[in-house]
Structures are given as C-alpha cells and as structure tokens.
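Residue numbers (this note's numbering), protein chains in the order written: chain D, 2 to 395; chain X, 2 to 93.
C-beta: ideal position from N, C-alpha, C; glycine also.
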C-alpha cells in the first residue's frame with residue numbers, strides 16, 4: 002500500500018503523506034514553478050520533478066531525502082548535431098495542394114521534459130525521460146548524465162538520420178498542441194512504458210505520431226498502431242499521425258496496453274500488435290486524457306471521461322470515473338463522492354494513477370479525489386490546489 | 002571591468018550571486034555569461050539553451066541597448082558597461 006502521492010501542479014510539487022489512514026499535504030515544493038510531472042523511483046525512493054520554468058527552460062529536480070531538499074539536474078541536453086524537421090501549424094492560407102517544399106531543419110533544444118520513467122528492478126540507475134521535441138533520453142547513473150536514444154530520434158518515420166545529413170524519408174511525426182506554449186509545433190513523448198519483466202522491452206507514445214516498441218533495448222523501434230482509428234484524418238487507419246493521449250500497461254501482464262485519445266479508448270491484449278477500440282460513447286466512455294491499469298489484471302482499467310475534444314470539460318457538469326474489468330467489453334460508472342453539478346474539471350494525461358485498491362486523480366480546476374475501493378467511491382483531498390498536471394503514487 | 006546585474010528571480014537558484022557586485026572581464030556577451038557561469042556553475046543553463054542561444058523569454062541589454070544577437074551573443078560588453086539580465090514580459 003502506497004503512503005505517498007505526488008502532484009505536479011502549475012505552482013509546484015505537492016506531496017501527500019498517509020498518516021493514520023488520513024492523507025495530509027505538505028507545504029508546496031518548488032513554490033511558484035510549474036511542475037509538469039513528479040514521481041518517486043520505487044527502487045531507491047528518489048523523488049523526481051520536471052520543472053517547466055516559464056523563463057529559465059526545463060529542468061529536472063531530484064530529492065534524495067524524501068522531498069526535504071531538492072537539487073537541479075542540468076545534464077539533459079540534446080547533443081551537438083541533433084536536428085529535427087520543423088513543423089508548422091497550418092495557417093489560414095495553408096494550401097494543401099501546393100507542392101511539398103524541401104524540409105526545413107532546426108537544431109534541437111529541450112522545450113519540455115514531459116515524462117519520466119524508471120528502469121526495471123534489475124537496472125539500478127536506469128531512467129528514461131521523454132521530451133518535446135520528441136526525444137527519448139536515457140540515464141544509467143541515476144540521472145547524473147543523460148544520452149539521447151538515437152535510433153528513435155533517427156527513426157525513418159522522422160526523416161532518418163539527420164545527424165548524418167539530409168532527410169532520407171518522409172517525416173510522419175506531427176506536432177502536439179502541448180508544444181504551442183513554447184512557440185513551436187513539435188512532437189512530444191509523454192508515455193514511456195517499461196516492461197518490468199524484460200529490460201530490453203518498452204513502448205513509447207508520441208503526440209502526434211503514435212506508439213512505438215523496442216524489443217532490443219532501444220537499438221531499433223517499430224510502429225505499433227495497427228487497429229488505431231484516427232477519425233479526423235483522411236485515412237483513419239493511417240500508420241502514423243495518431244495522438245495517443247496516454248499509454249500505459251499492466252505491470253503484471255505487460256502485453257495488456259491501454260490508451261485513450263480523441264477517437265476513443267483503445268485496448269491491446271497482445272503487446273500493441275493489434276489495438277481494439279473499446280469505447281462506449283453511450284456511457285460517456287470515449288474522449289479523455291488519462292488511463293490507469295490494474296497492476297495485476299490487464300483487463301481492468303479506469304478512465305475519467307470528458308465530453309469531447311471540441312469541448313474539453315466534464316460530461317453534463319458532473320465528474321465520474323469509469324472502470325472496465327473485462328478488457329473494455331463493458332464499463333461501469335462511479336459517481337459517489339464526486340461532484341455531479343457545476344463541475345467543469347478536466348483531468349490531464351498524467352493526472353490519474355492507481356496503486357493496489359487506491360486511485361487518485363487531480364484536475365485542472367485544482368480538485369484532487371481519492372478512492373480506496375478500486376474507484377467505486379471517492380473522497381476529496383482538496384479543492385483549491387493549483388491546476389494539476391500529474392498524479393503519481395509514491 | 003563590466004558589471005552584471007540580474008533579475009532577483011535568479012538569486013533563488015543562485016544565492017551565491019546575491020548581495021554582491023558581479024564584475025567580470027570585458028568581452029562578448031557570450032564571454033561575460035561564461036564568466037558568470039564560472040562564479041555560479043549552472044547559471045548559463047537558466048539563461049541559454051543547449052545551443053548557446055538566449056532562451057526565448059529572457060532579455061539582455063548592455064546598458065540600455067537590448068542585445069540583438071540572441072543566437073551567438075556576439076554583442077560587445079565594454080569595460081565600463083553593465084550587462085542586465087531580465088525576464089521578457091511575455092506572459093500575462
């Protein structure tokens with residue numbers, strides 16, 4: 002049973018401790034600084050926060066004393082020669098019929114460190130970080146030094162090895178709206194799914210490209226988007242161009258993966274070789290950002306549904322959590338303890354987590370809710386927090 | 002030697018720079034910032050990106066002249082000048 006919850010919020014890091022079965026928040030850490038992700042490394046207890054300074058650039062912050070003190074980690078940087086093909090948001094005068102021009106290149110710099118993940122129990126010191134503009138960084142020394150995973154950066158779906166020269170293939174990765182805050186329109190890696198049973202095996206999810214898998218420790222990557230449907234694209238079954246909002250897997254059954262995006266909830270029971278749409282729009286289970294999976298049963302997952310991408314708000318002014326226990330064949334909605342009127346909360350992609358029978362989510366409206374009975378009833382842990390970007394049990 | 006003055010916000014991350022007069026050898030803006038980084042390791046990561054370009058929401062000026070070359074920071078900081086480091090007012 003976890004005794005810690007970490008929130009990454011617009012105004013800093015909030016840590017809840019469980020004491021005598023009550024959850025109490027500490028004074029906010031990184032006060033005033035946006036924290037887009039915060040998590041605890043279960044292997045050694047180190048706490049991590051990804052700072053999203055408005056002026057001073059993205060930074061990682063690390064605490065080795067349970068959150069009493071934090072230190073900057075400044076070593077996550079793109080190497081010399083790392084380039085990417087510049088993306089632009091289509092402007093009103095964009096002409097889709099115009100001939101495609103030569104790709105425009107840009108030296109890579111980190112705009113946002115969107116996600117952190119920890120290696121397997123046997124990989125002491127192994128950490129992963131996903132960035133905008135679409136880099137996967139790896140550390141083998143607990144975050145003191147980081148290295149860009151070049152096979153993914155140089156993937157043929159991004160134009161090939163731009164360290165070596167000109168693009169050798171078409172870039173199929175699109176930008177994410179989450180990058181617009183930084184004055185760019187570039188892709189981002191927001192989900193890094195480590196297979197606890199195989200250190201060479203992992204998935205990453207990219208907005209907007211899709212899911213990729215490696216089975217050789219990151220030496221090679223393969224797109225895993227078969228079965229995904231992209232309703233808003235000319236070809237809904239296109240290999241690329243998907244916008245997974247969050248991808249996660251069952252630690253005990255890592256071949257069971259889940260994602261939710263603009264076009265529904267998708268589930269795979271074969272390691273993402275085939276995705277299946279398991280939405281239930283009549284029950285409100287369709288659009289949304291976060292998704293959580295049971296640690297042992299890969300068929301059990303939870304979502305906090307939202308209305309639609311053109312109206313990113315709670316459905317009908319009320320919050321609910323939906324759970325499936327049969328791989329998405331059926332969904333059950335739970336409302337007890339959650340507001341059922343005048344609620345406009347949205348839960349962002351990292352804003353829901355599960356640990357045993359406990360679930361917790363935080364919203365952009367600063368409300369934090371906890372369930373200790375697998376999502377069936379909820380209690381409010383506070384209603385005046387800053388907008389919540391991430392929730393992780395420690 | 003030129004003087005370097007900065008927004009108080011940076012003292013939060015580099016308290017060793019607070020309550021002191023920062024004087025470093027004259028040179029280009031890039032050279033002056035490297036000298037400040039030597040006084041407070043990590044300082045340049047707050048002001049510059051990994052390509053050495055000025056971060057988007059940071060402004061520099063030499064006396065009251067805003068630094069134009071944000072990419073290579075080649076503007077000259079003379080002996081009797083002050084380099085100011087401040088946030089760009091780019092938010093609400």
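When you compare each of 336(D), 334(D), 374(D) and 249(D) to residue 116(D) by their alpha carbons, which one comes out closest? What you label residue 116(D) is simply residue 115 of the first chain in a count that begins at 1. For residue 116(D), the nearest C-alpha among the options comes from 249(D).
Got a sec? Which residues, its chain only, sit under 7 Å from residue 47(X) by beta carbon, not counting five neighbours each side? Here residue 47(X) refers to the residue found at position 46 when the second chain is read from its first residue. Here the set comprises 11 and 14.
Under 7 Å between beta-carbons, which chain X residues line up against residue 257(D)? List them in chain order, please. For this step, residue 257(D) is matched to residue 256 along the first chain. The contacting residues do not exist; residue 257(D) stays about 38 Å from chain X at best.
Go ahead and label residue 385(D) buried or exposed: buried means 16 or more other beta carbons lie within 10 angstroms of its beta carbon, across all protein chains shown. In the first chain, residue 385(D) corresponds to position 384, counting from 1. Label assigned to residue 385(D): exposed.
Within 10 Å of its beta-carbon, does residue 51(X) have 16 or more other beta-carbons around it, so buried, or fewer, so exposed? Start at 1 with the first residue of the second chain, and residue 51(X) comes out as number 50. Residue 51(X) should be labelled buried.
Helix, strand or coil at residue 19(X) according to DSSP, with G and I counted as helix: The sequence position of residue 19(X) within the second chain is 18, counting from 1. In this structure, residue 19(X) counts as coil in the three-state DSSP scheme.
Work out the CA separation of residue 240(D) and residue 140(D) for me, nearest whole Å. Residue mapping note: residue 140(D) aligns to position 139 of the first chain, counting from 1. Residue mapping note: residue 240(D) aligns to position 239 of the first chain, counting from 1. Rounded to whole angstroms, residue 140(D) to residue 240(D) spans 30 Å at the Cα level.
Buried or exposed for residue 403(D), going by 16 or more other Cβ atoms inside 10 Å? Since the first residue of chain D shown is 2 and the last is 395, residue 403(D) is not available in this structure.
Pull up the distance between the alpha-carbon of residue 277(D) and that of residue 257(D), whole angstroms please. Here residue 277(D) refers to the residue found at position 276 of the first chain. Here residue 257(D) refers to the residue found at position 256 of the first chain. Between residue 277(D) and residue 257(D), the C-alpha separation is close to 11 Å.
List, in chain order, every chain X residue whose beta-carbon is nearer than 9 Å to that of residue 47(D). What you label residue 47(D) is simply residue 46 of the first chain in a count that begins at 1. Neighbours of residue 47(D) on chain X: none; closest Cβ ~19 Å, over 9 Å.
Based on DSSP bridge pairs, tell me the residues matched to residue 118(D). In the first chain, counting from the first residue as 1, residue 118(D) sits at position 117. The partner list for residue 118(D) (beta bridge, DSSP) reads 129(D).
Amino acids of chain D, ordered along the chain, whose beta-carbon sits closer than 9 Å to that of residue 12(X): Position 11 of the second chain, counted from the first residue, corresponds to residue 12(X). In chain order: nothing, as chain D lies at least about 13 Å away.
Hey, could you find the ends of the beta strand (DSSP E) residue 44(X) is sitting in? For the purposes of this step, residue 44(X) is taken as the residue at position 43 of the second chain. Run containing residue 44(X): none in the beta strand (DSSP E); it sits in the alpha helix (DSSP H), 44 to 48.
Since residue 64(D) and residue 48(D) should fall inside the 8 Å C-beta cutoff, what is the C-beta to C-beta distance between them, to a whole number of angstroms? To locate residue 64(D), count along the first chain from 1; it is residue 63. To locate residue 48(D), count along the first chain from 1; it is residue 47. Rounded, the Cβ-Cβ distance is 4 Å, consistent with contact.
Using a Cβ-Cβ distance under 8 Å, would residue 24(X) count as near chain D? Residue mapping note: residue 24(X) aligns to position 23 of the second chain, counting from 1. So, not an interface residue.
Helix, strand or coil, according to DSSP, for residue 149(D) in the structure here? As a position in the first chain, residue 149(D) is number 148, starting the count at 1. Correct three-state label for residue 149(D): strand.
CB-CB under 6 Å to residue 159(D), same chain, minus the five flanking residues each way: which ones, in chain order? Here residue 159(D) refers to the residue found at position 158 of the first chain. If we look at residue 159(D) and ignore the five residues flanking it on each side, its Cβ neighbours are 172 and 174.
CB contact check: residue 59(X) to chain D, cutoff 8 Å: As a position in the second chain, residue 59(X) is number 58, starting the count at 1. Yes, because at least one Cβ of chain D sits closer than 8 Å to the Cβ of residue 59(X).
Helix, strand or coil: how does DSSP classify residue 344(D) here? The residue you call residue 344(D) lines up with position 343 of the first chain. Residue 344(D): coil per DSSP, three-state reduction.
Among 262(D), 42(D), 19(D) and 301(D), the one whose alpha carbon lies nearest that of residue 232(D): In the first chain, the residue the question calls residue 232(D) occupies position 231. When only C-alpha atoms are compared, the closest one is 262(D).
Determine, using beta carbons only, whether residue 85(D) comes closer than 8 Å to chain A. This model lacks chain A altogether; the protein chains it does include are D and X.
Quick check: the Cα distance between residue 62(D) and residue 41(D), rounded to an integer number of angstroms? Mapped onto the first chain, residue 62(D) falls at position 61. Mapped onto the first chain, residue 41(D) falls at position 40. Taking the straight line from one Cα to the other gives about 12 Å.
Apart from the five residues on each side of it in sequence, which residues of its chain come closer than 6 Å, Cβ to Cβ, to residue 17(D)? As a first step, residue 17(D) must be located in the first chain, where it is residue number 16. The answer, listed in chain order, is 6, 24 and 26.
Classify residue 282(D) as buried or exposed, calling it buried when 16 or more other Cβ atoms lie within 10 Å of its own Cβ. As a first step, residue 282(D) must be located in the first chain, where it is residue number 281. It is exposed - the Cβ of residue 282(D) has fewer than 16 other Cβ atoms within 10 Å.
Boundaries (first-last residue) of the alpha helix (DSSP H) holding residue 36(X): Taking the first residue of the second chain as position 1, residue 36(X) is located at position 35. Here the alpha helix (DSSP H) through residue 36(X) covers 30 to 40.
Just to confirm, are residue 222(D) and residue 163(D) a CB contact at a threshold of 8 Å? By one-based count along the first chain, residue 222(D) stands at place 221. By one-based count along the first chain, residue 163(D) stands at place 162. No.
Hey, is residue 56(X)'s beta-carbon within less than 8 Å of any beta-carbon in chain D? Working through the second chain from its first residue, we reach residue 56(X) at position 55. Yes - at least one Cβ of chain D is within 8 Å of the one on residue 56(X).
Unbroken alpha helix (DSSP H) runs of length 4 or more, entirely within the segment 151 to 210 of chain D: which are they? 151 to 154
Whole angstroms is fine: what's the gap from residue 127(D)'s alpha carbon to residue 44(D)'s? Looking up residue 127(D) in the first chain gives position 126. Looking up residue 44(D) in the first chain gives position 43. Between residue 127(D) and residue 44(D), the C-alpha separation is close to 10 Å.
Own chain partners of residue 377(D) with C-beta closer than 6 Å, once the 5 adjacent residues on each side are dropped: The residue labelled residue 377(D) in the question sits at position 376 within the first chain. Contacts found: 335.
State the Cα-Cα distance for the pair residue 84(D) and residue 58(X), rounded to the nearest angstrom. Locating residue 84(D) in the first chain gives position 83, counting from the first residue. Locating residue 58(X) in the second chain gives position 57, counting from the first residue. For residue 84(D) and residue 58(X), the distance between alpha carbons rounds to 22 Å.
Between the segment 53 to 61 of chain D and the segment 107 to 115 of chain D, are three or more C-beta pairs nearer than 8 Å? yes
Assuming residue 290(D) and residue 246(D) make a contact with CB atoms under 8 Å, what is their CB distance in whole Å? On the first chain, position 289 is the one that residue 290(D) refers to. On the first chain, position 245 is the one that residue 246(D) refers to. Going by Cβ atoms, the distance from residue 290(D) to residue 246(D) rounds to 5 Å, so yes, they are a contact pair.
Identify every run of the beta strand (DSSP E) within the segment 237 to 290 of chain D, keeping only runs that are complete inside it and at least 3 residues long; order them along the chain. 247 to 250, 258 to 262 and 265 to 269
Cβ of residue 139(D) less than 8 Å from any chain X Cβ? On the first chain, position 138 is the one that residue 139(D) refers to. Judged by the 8 Å Cβ criterion, residue 139(D) is not in contact with chain X.
Report the option in 321(D), 358(D) and 167(D) whose CA atom is closest to the CA atom of residue 340(D). Working through the first chain from its first residue, we reach residue 340(D) at position 339. It is 321(D).
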